[in-house]
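One structure is given here, and the rest of the page talks about it.
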Amino acid sequence: MKKGQSYEGYVESVAFPAKGIVFVEGEENKAVVKNVLPGQKIQFRVTKKRKGKAEGVLETVIEKSGDEIDAMCPHFGICGGCNYQSLPYEKQLELKAGQVEKLLDEVYISKGRKIEYSFEGIKKSPKQYGYRNKMEFSFGDEYKDGPLSLGLHKRGSFYDIVPVTECKIVDHDYRLILQTVLQFFGERNIPYFHRVKLSGYLRHLLVRKAAKTGQILVALVTSSDVAGLPCDEKVLLDEFLNQLLCLEQEKKLEGTFAGILHTVNDSVADVVKADRNEILYGQDFFFEELMGLKFKISQFSFFQTNSLGAEVLYDTARNYILESAGGMADQIVFDLYSGTGTIAQMMAPVCKKVIGVEIVEEAVEAAKRNAELNGLHNCEFIAGDVLKVIDDISEKPDFIILDPPRDGIHPKALQKILDYEVPHIVYISCKPTSLARDLDAFLERGYKMEKACCVDMFPATANVETVAILSQR
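Right, dumping it as structure tokens:
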């Protein structure tokens, strides 16, 4: 295959994350093409060629897979948010479970080890659609110099924004809020923040909604550049607030507003962050409930984006822990990469003490508040990098829970964790390739993976959570 040329081929399989392996007749090597499905015949263009390996970009689907169905979402294939909406849900689950099992098996096969763990398949998300409890929508234009748009990035584009007014992974309230905000600012010709020119006003719209309580938090994120506004900023924000509150007053929303915020962000980076915050209405937090516990969540709090799925994930992890460790009344548990302390608080009632370590200070403060809210007094939360902090903890763990960021555990931190030589470790991973990499280090140090299970926290997307229990031989 030659770079820049187009080819036709069949998608033999799809590896994590959404990497199609494409066979082209007459070619010795296969190509990797994203955003395809097993069984499709496609046309693609080679964009990279290195050491005999080719990577390409999809140009068109010539023949559909035998499993394909019509996607419910009209934005599917244009928006970059979903990969598998045109597969029946059972086929999505089958695909993801197969990807993870293959990754884990290869850790054993590559070193000539005997595969001796139990793979327990994949657990469904309680909701296939409308499951997300957080969305960050971007302002921009749908095409260059087009009208104002608000939504998600077009697949493969850094700039074009698809107005996802019919998005199916969020519920009715998200879609209504998005439509209302887009119409409000579009009618007033309010300029969006242009990342090249570094001018303009509108940047993002953050919407969070609790699955259990129905409370909604909205943050309008803008720059401080008010030069292009047709009226005083305060007048504009007051009108914006009234427009949103009308949705609740007229009973068009299923949930209720806990707070509506104005966030100013003058960072060059295209991320949602705050240089300053103003509460336009209500408060800057809301409450969610998970497995009988209550959690106070702010604008930037880390919290699993599928609340009902999180209950399945954490229940799976807790059962693995209790089955392996038995009675834990006298045990000290380390929850490393603890976020807002969700897992720690679920373990607190059944162990002597839980110590959580998290690098994001705001998350640590939230964890402390949530533990107090739930009347849990045997939790300690420490702010800092796991690599640096665990040397300063005087207690030694009897059990370790790991829920690292997507890229897994820093190699030096991993060695310190292994040096504790605890009998059991639970590893929760949102990126199975990182789990597979770290698993090799555990096996080298004498641990055995007893069993592993996937939880589909992100239906229609290429992402999946994995839980594994590791025990010393």
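For the sequence shown, the positions run 508 to 980 when this note's numbering is used.
For every residue, glycine included, the Cβ atom is placed at its ideal position computed from N, Cα and C.
Proximity test, Cβ basis, 8 Å: residue i and chain C
i, result
"Cys960", "Here there is only one protein chain, and chain C is not present."
Neighbourhood of residue i by C-beta, 6 Å cutoff - its chain only, sequence neighbours within 5 removed
i, result
"Val614", "Ala943, Leu946, Asp947"
"Met579", "Lys675"
"Cys886", "Ala851, Ala855, Val861, Ala878"
"Asp910", "Tyr844, Ile935"
"Pro965", "Before going further, note that residue 965 is Phe rather than Pro in the sequence given. Nothing listed; no residue qualifies."
"Glu515", "Gln550"
"Val857", "Met835"
"Val518", "Gly527, Val529, Val543, Pro545, Gln547"
CA-to-CA distance, residue j to residue i, given in whole angstroms
i, j, result
"Phe644", "Arg876", "28 Å"
"Ala561", "Lys631", "34 Å"
"Val871", "Gly848", "7 Å"
"Val564", "Ala538", "10 Å"
"Thr812", "Glu535", "42 Å"
"Gln756", "Ala726", "19 Å"
"Lys822", "Gln606", "Note that residue 822 corresponds to Asp in the displayed sequence, not to Lys. Taking the straight line joining both Cα atoms gives about 23 Å."
"Lys919", "Ile897", "12 Å"
"Val529", "Phe583", "22 Å"
"Ser808", "Gly511", "44 Å"
"Gly693", "Thr687", "10 Å"
"Lys641", "Val677", "8 Å"
"Gly863", "Ile576", "44 Å"
"Ile839", "Pro698", "54 Å"
"Phe841", "Asp905", "8 Å"
"Cys937", "Thr672", "28 Å"
"Val771", "Leu709", "10 Å"
"Thr567", "Thr968", "20 Å"
"Gly891", "Gly628", "35 Å"
"Leu743", "Leu736", "9 Å"
"His884", "Lys859", "10 Å"
"Gly833", "Ala824", "14 Å"
Under the three-state DSSP convention, the category residue i falls into
i, result
"Ala522", "strand"
"Gly527", "strand"
"Leu594", "coil"
"Arg557", "strand"
"Leu562", "As written in the sequence, residue 562 is Glu, which differs from the Leu given in the question. Reduced to three states, the DSSP call for Glu562 is strand."
"Ser814", "helix"
"Met853", "helix"
"Thr940", "helix"
"Asp926", "helix"
"Ala870", "helix"
"Tyr934", "strand"
"Ile889", "strand"
"Leu760", "coil"
"Leu727", "strand"
"Val539", "strand"
"Val971", "coil"
"Asn881", "coil"
"Ala959", "strand"
"Gly848", "coil"
"Gly584", "coil"
"Ser572", "coil"
"Ile862", "strand"
"Thr567", "strand"
"Glu623", "coil"
"Val840", "strand"
"Glu740", "helix"
"Ser513", "strand"
"Lys618", "coil"
Own chain partners of residue i with C-beta closer than 8 Å, once the 5 adjacent residues on each side are dropped
i, result
"Ile984", "Any question about residue 984 goes unanswered here, given that the chain covers just 508 to 980."
"Gln790", "Ala765, Gly766"
"Leu748", "Ile767, Leu787, Tyr788"
"Ile889", "Ile862, Gly863, Val864, Glu865, Val871, Val896, Ile900"
"Phe794", "Ala717, Thr720, Gln722, Ala765, Lys801, Phe802, Lys803, Ile804"
"Ile622", "Asp612, Tyr615, Ile616"
Residue i Cβ short of 7 Å to the ligand FAD heavy atom set
i, result
"Asp732", "In terms of ligand content, the structure shown is empty, and the ligand FAD therefore cannot be addressed."
Chain-order list of residues whose beta-carbon lies under 7 Å from that of residue i (same chain, five-residue window excluded)
i, result
"Tyr827", "Val933, Val974, Ile976"
"Lys634", "Leu815"
"Ser572", "Leu544, Pro545, Gly546, Gln547"
"Ala522", "Ile528, Gln606"
"Asp680", "Lys716, Ile723, Leu760, Glu761, Gly762"
"Arg702", "Asp777"
"Glu570", "Gln547, Lys548"
"Val929", "Pro904, Asp905, Phe906, Ile907"
>> Suppose only complete runs of 3+ residues qualify. What are the beta strand (DSSP E) ranges in the stretch 625 to 672, listed by chain order?
In response: You should have 625 to 630, 641 to 648, 655 to 660.
> Is the stretch 707 to 719 touching the stretch 802 to 816 in the sense that three or more CB pairs, one from each, lie closer than 8 Å?
Replying inline: The way I'd put it, the stretch 802 to 816 does touch the stretch 707 to 719; three or more beta-carbon pairs between them come closer than 8 Å.
>> Extract the residue ranges of the alpha helix (DSSP H) inside the stretch 677 to 714, only unbroken runs of 4 or more that lie entirely within it.
In response: Listed in chain order, they are 679 to 694.
> Looking at C-beta atoms only, is the number of pairs between the stretch 583 to 595 and the stretch 947 to 959 that lie closer than 8 Å three or more?
Replying inline: Contact fails: fewer than three Cβ-Cβ distances are below 8 Å.
> Residue ranges of each beta strand (DSSP E) run of no fewer than 3 residues wholly in the stretch 765 to 818, ordered along the chain?
Replying inline: Runs found: 783 to 789, 792 to 797, 800 to 805.
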